[in-house]
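Protein chains in written order, with the numbering used here: chain A, 1 to 114; chain B, 115 to 226.
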């Protein structure tokens with residue numbers, strides 16, 4: 001199974017500070033995704049990547065940027081954290097082919113902006 | 115653009131009763147559909163998925179789902195619910211660029 005690790009698992013930060021979350025995969029999967037999860041909203045796509053240095057916006061991208069300089073790492077940055085960005089963040093990768101196709105999710109990062 | 119609607123925010127059933135969670139999707143092409151379950155404070159676990167072929171899909175933990183193209187639905191069912199099934203359930207459809215679009219979720223409470 002593809003390994004996917006998110007760091008940190010928990011973070012508390014102050015309003016206005018920059019924050020970077022990391023997603024690391026152990027295999028060469030092309031597609032990587034960042035989601036945020038909030039009560040009543042399910043999971044919403046922030047940004048995704050379809051290759052090194054190839055990224056695009058999701059439905060809730062305002063206030064977030066991403067970078068992917070290596071296949072295995074996909075970074076999510078909050079340039080200036082706000083309380084509305086308090087959330088649980090999940091990274092995901094798409095894996096497999098045909099009947100084996102699916103998504104693997106990280107364990108999540110719980111971010112609190114105070 | 116693709117979208118998923120889960121009409122029921124919260125459902126309560128008694129242990130041993132049958133369960134059906136509704137999911138409607140919007141997508142122009144043949145959809146790839148998924149159901150995930152999330153226990154409190156946990157990550158997402160895949161219950162089942164539909165790509166093509168048989169429209170009745172079997173998953174883990176005794177769950178099944180039926181794809182109905184004419185109704186744009188992919189409802190999740192279980193004949194007899196266990197207390198351990200209490201969780202939040204998410205339906206999702208794969209869209210362009212292999213993006214996964216989620217519904218807002220249905221929280222299931224199981225009464226003893």
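Glycine residues also receive a C-beta, built at the ideal position from the N, C-alpha and C atoms.
If contacts are defined as beta-carbon pairs under 8 Å, then residue i and residue j qualify, I think. What distance do you get, rounded to the angstrom?
{"i": "residue 211/B", "j": "residue 100/A", "result": "Contact doesn't hold; Cβ gap of about 19 Å is too wide."}
{"i": "residue 105/A", "j": "residue 90/A", "result": "5 Å"}
{"i": "residue 207/B", "j": "residue 147/B", "result": "6 Å"}
{"i": "residue 44/A", "j": "residue 35/A", "result": "6 Å"}
{"i": "residue 25/A", "j": "residue 107/A", "result": "Not confirmed; about 13 Å, so no contact."}
{"i": "residue 203/B", "j": "residue 160/B", "result": "Rounded, the Cβ-Cβ distance is 12 Å, inconsistent with contact."}
Buried or exposed: which applies to residue i, given that a residue is buried once 16 or more other Cβ atoms fall within 10 Å of its Cβ?
{"i": "residue 150/B", "result": "buried"}
{"i": "residue 192/B", "result": "buried"}
{"i": "residue 49/A", "result": "buried"}
{"i": "residue 47/A", "result": "buried"}
{"i": "residue 68/A", "result": "buried"}
{"i": "residue 220/B", "result": "buried"}
{"i": "residue 82/A", "result": "exposed"}
Relative to the C-alpha of residue i, which residue among the options is closest?
{"i": "residue 164/B", "options": "155/B, 154/B, 139/B", "result": "139/B"}
{"i": "residue 218/B", "options": "28/A, 12/A, 25/A, 41/A", "result": "41/A"}
{"i": "residue 137/A", "options": "90/A, 9/A, 78/A", "result": "In the structure displayed, chain A extends from 1 to 114; residue 137/A sits before or after that span and is not available."}
{"i": "residue 121/B", "options": "190/B, 169/B, 175/B", "result": "190/B"}
{"i": "residue 209/B", "options": "83/A, 59/A, 38/A", "result": "59/A"}
{"i": "residue 176/B", "options": "133/B, 184/B, 157/B", "result": "133/B"}
{"i": "residue 225/B", "options": "123/B, 144/B, 127/B, 119/B", "result": "127/B"}
{"i": "residue 30/A", "options": "63/A, 113/A, 80/A, 54/A", "result": "54/A"}
{"i": "residue 33/A", "options": "83/A, 13/A, 95/A, 63/A", "result": "95/A"}
{"i": "residue 180/B", "options": "205/B, 125/B, 116/B", "result": "205/B"}
{"i": "residue 87/A", "options": "5/A, 72/A, 10/A, 3/A", "result": "10/A"}
{"i": "residue 72/A", "options": "28/A, 8/A, 112/A, 20/A", "result": "28/A"}
{"i": "residue 194/B", "options": "203/B, 117/B, 178/B, 202/B", "result": "178/B"}
{"i": "residue 184/B", "options": "115/B, 129/B, 159/B, 141/B", "result": "141/B"}
{"i": "residue 98/A", "options": "199/B, 173/B, 153/B, 166/B", "result": "166/B"}
Between which two residues does the beta strand (DSSP E) carrying residue i extend?
{"i": "residue 201/B", "result": "201 to 208"}
{"i": "residue 140/A", "result": "Outside the displayed range of chain A (1 to 114) lies residue 140/A, so it cannot be described from this structure."}
{"i": "residue 34/A", "result": "32 to 38"}
{"i": "residue 170/B", "result": "170 to 172"}
{"i": "residue 42/A", "result": "42 to 51"}
{"i": "residue 102/A", "result": "102 to 105"}
{"i": "residue 178/B", "result": "178 to 182"}
{"i": "residue 24/A", "result": "19 to 25"}
(message) Quick check for students: name the residue ranges of the beta strand (DSSP E) that lie wholly in the segment 60 to 99 of chain A, counting only runs of 3 or more.
(response) 64 to 70, 73 to 78, 87 to 95
(message) Suppose only complete runs of 4+ residues qualify. What are the alpha helix (DSSP H) ranges in the segment 126 to 155 of chain B, listed by chain order?
(response) none
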